[in-house]
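The sequence shown begins at 1 in UniProt numbering and counts up by one. Even for Gly, the Cβ is constructed at its ideal location relative to N, Cα and C. These numbers were taken from a predicted model, which means no experiment stands behind them. Below is one structure; the comments refer to it alone.
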Amino acid sequence: MLSIDRSIVDAIVAHARRDHPDEACGVVAGPVGSDTPTRHIPMENSARSMTFYEFDSMEHLRVWREMDDRDEEPVVIYHSHTATEAYPSRTDISFAGEPGAHYLLVSTREPDTEEIRSFRIVDGVVTEEPVRIVEPAVDPHAVQSYMFGQSPATVDYECSGR
């Protein structure tokens with residue numbers, strides 16, 4: 001099962017809609033071994049295609065090095081399908097090179113609905129998995145506002161250079 005924060009899903013869908021009619025693509029990184037997607041990284045589809053996506057090779061290298069430096073890994077690899085359902089194509093399956101990743105697909109074929117599905121793809125075998133969208137929790141002990149040493153009452157400051 002893929003558990004993913006609502007704000008990340010919203011960002012992925014916005015990226016897919018923004019790049020439509022071309023396929024959008026990107027990664028959601030997370031701490032190594034955690035299976036927790038925490039950092040959304042939208043990437044450029046260097047193929048600029050309505051039916052195919054390809055990470056720009058230099059951006060791909062930079063992002064993977066950055067993840068290594070931050071002790072992260074690609075927890076989710078995502079892309080959009082612009083005219084078909086959110087299911088991996090034969091090409092998607094053949095290029096799936098991260099056996100530990102969740103492959104998230106978003107279909108943008110319908111402008112008013114979201115079709116989001118997740119798959120594991122290992123050695124050419126596709127297994128669909130449930131997606132659990134987690135609403136961000138609000139910590140009741142977190143500071144919600146700051147007053148910076150001022151009371152709610154009006155404060156007058158008299159500045160005199162004399």
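Exposure of residue i, with buried meaning 16 or more beta-carbon neighbours within 10 Å
i             : result
leucine 61    : exposed
glycine 26    : buried
serine 34     : exposed
methionine 43 : buried
Same chain, Cβ closer than 7 Å to residue i, neighbours up to 5 away in sequence not counted
i             : result
glutamate 135 : Arg6
valine 126    : Pro88, Ile93 and Phe119
proline 21    : Met50 and Thr82
Residues that residue i bridges to, as DSSP identifies them
i             : result
alanine 14    : Its beta-bridge partners do not exist; DSSP assigns none.
threonine 127 : Arg120
histidine 81  : Ser107
Residue i to residue j span [Cα, whole Å]
i             : j             : result
glutamate 115 : glutamate 85  : 8 Å
glycine 30    : glutamate 110 : 30 Å
glycine 97    : glutamate 129 : 18 Å
isoleucine 41 : methionine 1  : 21 Å
Delimiting residues of the beta strand (DSSP E) encompassing residue i
i           : result
arginine 70 : No beta strand (DSSP E) holds arginine 70; DSSP gives it neither H nor E.
aspartate 5 : 2 to 5
Limits of the unbroken alpha helix (DSSP H) element including residue i
i         : result
serine 89 : Counting along the chain, serine 89 falls outside any alpha helix (DSSP H), and DSSP gives it neither H nor E.
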